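To keep things clear, I will list the structure first and then write my remarks on it.
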Amino acid sequence: IRGVGTTLIDTVQPGVGIFIDGIYQPNTSYLNNPVLDVERIEVLKGPQGTLFGNNTLGGAINVITRAPTDDFSGRFAADYASPDNYQTFSGSISGPIIEGSLRGRLAASYHTQDGFSTNTIAGGDARPLESTAVNGTLVWDAPDNAQLTLNTYYNEVTGSQTAYSSPSGPTDYIDDTALNFNSIATYTYTGGNLRGVFDVTDNTRMTAVVAYDHKEGDATGDGDFGPIPFARVIDGHNEMNTYTGELRFDTQWNDRLSTLIGVFANASDVRNSDTTVLTLPTGLPLPFPPTVDVPVPSDESQDLASQAIYANVFYNLTSTLELSAGLRYDHQEVNAENNIGGETTHYSASELQPRLALTQHWSPNHMSYISVARGFRGGGANSAGARNPIYQGDSVWTYELGDKFQSADHTLTLNTAIYYNDYQHYIGQNSLTPALIAVNLNTGDVTAYGAEVETIWSPNEIFQLQGGLTYNHARIEDDSEYAAVIGHGLASDRILFQPDWNLYVTPSLTFPIGGNGDDIRLDLTAIYKGERAGSSLSETVSPTLESYTLFNANIAYETEHYTVSLWGTNLTDEEYYDSYLDRSLLAALFGDASPIT
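So for the sequence shown, my numbering puts the first residue at 7; every next one is plus one.
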C-alpha cells in the first residue's frame, strides 16, 4: 500500500497489518489460497497504529467473515478453469444451536491448480498449488448485553517455492523452469481466538481478545535455482507460534467526546532449520567418485515480543467538525540464535506513533479530512556472520488530504486523496554482503507522494461504472545505510516492483429477466500496472519491467438462491513478470559462468 507491503520472509515483519475480524494475523507468509466465507474486505491506507494496531506502517487490511446467523442457511460454490486445471470448491452452513443465545457457522474450501509452468529437467508441474481450509465460529449472546465469539481455523497449503525461470532479460517471457528438483513446500496453519465484548459501565464497552496461531512447514528444493546440480535443500523445516492479547475500552463521555484506550501484547517464536547438500568436485583420480556431497546444516531461532498502549480521543468541535487525536507507544524485542558457534543477537526498539486528524462533514453524504500520522515497523536480526547482525525498524511520517462524496440520489460516489510520505530507515530489498551472506537491511530514506481517485457511477439500474487511478511517486533519497553494509549503493532509486501508475476500470451491465428478480450481469475489467524496477545486486544496472494491461470478464445469471457464471482472466494473453531478479545474484554466488538470469 503506497509502496509498503508484506514479505515472504518470516524474519521481516510486515509493513501492512493483516487482520481477520479485527484480530491481528502474524502468520501470513506463503498463505496463498482463495478467500473463504468472506463478507467484505476493508483496506485502510496510511499508518493505522492508533486505531488498528501492530505493524501498520503502510496501512491495514481487515477481512470481515460472514457471521453466524439466527436462521439456518447454507452456501456452496464451485469453480473450474483451464488450461491449468484450476478448481475450487467451498461451502458453509450457519444457524442457531441454542435458540436466541448460541449460534454457529462452519465453512470449508478446497483449491487446486497445476500452474502454467513445467519443469523441463525434473518433470512435472513447476508451480502447483493445493490448499484445504476449514473455519468454525461460535457466537454466544450472553446476558447483560455481553457477547463471546470463538473462532478456530485449519489451513494446509502445498505449493512451489523458488521456481525461477531462466530468461535472457526482463522482456523474455518464459513460463517453464529448468531445475534439478521441483521446489515444493507444505505449510499448515492452525489457531483460534476468543473475543469478548462487555458493558463495563453505562457509557463504556470493553473488548478483550486472546489468540493463538501456529504455522509449521516442510520444504525441499533446488538450492542453486538452475540446471547445475550444485546445491539442493533437504529437510527444510519452519515453525512459528504466536500468542496475542488485547484489551480495549470504548467510552462515550457525552454527545461531543468519546475515547478509545487499549493495550496490546504479542509474542512469537520462530524456528528455521534445513540442510543444504553441496555437490563438489573432488579433483581426485578414479576410482574416487568425481563429485562428493557435502551437507551443510542450518538451524536458527528467533523470539519476538512486543507490547503497546494506545489512546484515541474523538471530539466534535462543532456539529460538523470533528477532531481525532491518537498516540501509540510500541516496545519490541527480538532475540535470535543460530547454530554457528551459538551466536546470539538482540534487537530492541521503543517508538511513539502520534496521529492527528480534522474531519469536516459538509453533509451526511460528503466529508473532507486532513491528517498527519507516524507509523512504525519493527526490525530484526540476521544470520550468523552478517556484517549487520541487526537491522533497524523503519518509520514514516505521512500527511494526507482527502475527500469522500456521495450524491444525494446515491448514483455517484467519488473518493479522492493526496498524500506525502517521508520514510526513515526504509527496509527494502534483502541482499548479499561481500562475504556472500544473505541479509535483511535498511535501505535508507525514501520519499513518496501521490494521489488516488476512486469512483462508482450508477446512472440507472442497468449500467454501472467503477474505476480507480493511483499515482505513487516513491523514490530512494539516500541509500547510505544500504551502502554501509553492501559496500556500494543501489543502481536505481526506484522501490522494487512498485509502479508509479495503477489503473482499473469496470463497466457493468445488469439486465432484469422476467419479473421475479432474476438478472443477467456482464462485467468487463481492465487493469493497468506501470513499469517497475526489478531486483539486482549490480551497482550500475537495474532491470525494468514493462507496463502491462489485463482484461478480465464475467457473465452471470443471478437469482435469489443461486448464480451461474462464465469468467475469464487475462483474455488477451498478456505476458508480464510480477517480479524479476537478474543474474547478478547468481553471478555473485557462482561466478560469471552462471547461465541463470
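Yeah, the Cβ is synthetic: ideal placement off N, Cα and C, and Gly gets one too.
Remember, it's a predicted structure, so these values are computed and weren't measured experimentally.
With the cut-off set at 7 Å, would you say residue i and residue j are in Cβ contact?
i    : j    : result
S98  : R81  : yes
Y429 : V452 : yes
A311 : I29  : no
T350 : R393 : no
E48  : N61  : no
A114 : V140 : yes
T138 : Y116 : yes
A526 : S437 : Correcting the residue type first, residue 526 is Ile in the shown sequence and not Ala. No, Cβ-Cβ distance for I526 and S437 is not below 7 Å.
L418 : W463 : yes
D219 : H243 : no
Y432 : T449 : yes
N209 : T257 : yes
A83  : S96  : yes
Would you report the Cα separation of residue i and residue j, rounded to the nearest angstrom?
i    : j    : result
P102 : H372 : 39 Å
E545 : D205 : 60 Å
N39  : L263 : Because the pLDDT of N39 is 49, which lies under 50, any placement of that residue in the model is unreliable, and the number read from its coordinates should be weighed accordingly. Each residue's Cα considered, the two are about 43 Å apart.
I533 : L509 : 6 Å
L577 : T516 : 21 Å
E245 : Y86  : 33 Å
S189 : H352 : 32 Å
G332 : Q54  : 10 Å
Q504 : V10  : 9 Å
L327 : T143 : 39 Å
P20  : T12  : 4 Å
F557 : A271 : 44 Å
E343 : G385 : 16 Å
A593 : I267 : 53 Å
W368 : H494 : 53 Å
D76  : Q153 : 14 Å
S304 : V239 : 11 Å
W259 : A317 : 15 Å
T297 : A237 : 12 Å
I7   : T512 : 21 Å
Just to confirm the assignment, what range does the alpha helix (DSSP H) spanning residue i have?
i    : result
A490 : 486-492
Between which two residues does the beta strand (DSSP E) harbouring residue i extend?
i    : result
T126 : That residue, T126, is in no beta strand (DSSP E); it is neither H nor E in DSSP.
N318 : 297-322
H567 : Careful: H567 lies outside any beta strand (DSSP E) and carries neither H nor E.
A87  : 79-87
V215 : 210-228
Y116 : 108-119
A184 : It is not in any beta strand (DSSP E) - A184 carries neither H nor E in the DSSP assignment.
I70  : 65-71
L50  : 44-51
Secondary structure at residue i, three-state DSSP: helix, strand or coil?
i    : result
S174 : coil
S464 : coil
S590 : helix
G368 : Per the sequence shown, residue 368 should be read as Trp rather than Gly. The answer is strand: DSSP assigns W368 an E or B state.
R8   : coil
Y426 : strand
P20  : coil
T575 : coil
V547 : coil
I443 : coil
I501 : coil
E580 : coil
G540 : coil
I561 : strand
N421 : strand
F231 : coil
P518 : strand
R481 : strand
E458 : strand
L57  : coil
L327 : strand
From the DSSP secondary-structure annotation, give me the bridge partner or partners of residue i.
i    : result
S356 : H337
F382 : S401
R277 : E245, S307
D147 : Q153
G198 : T158, Y218
Y510 : G474, I533
G142 : L112, T158
Q93  : Y86, T118
R254 : T213, G268
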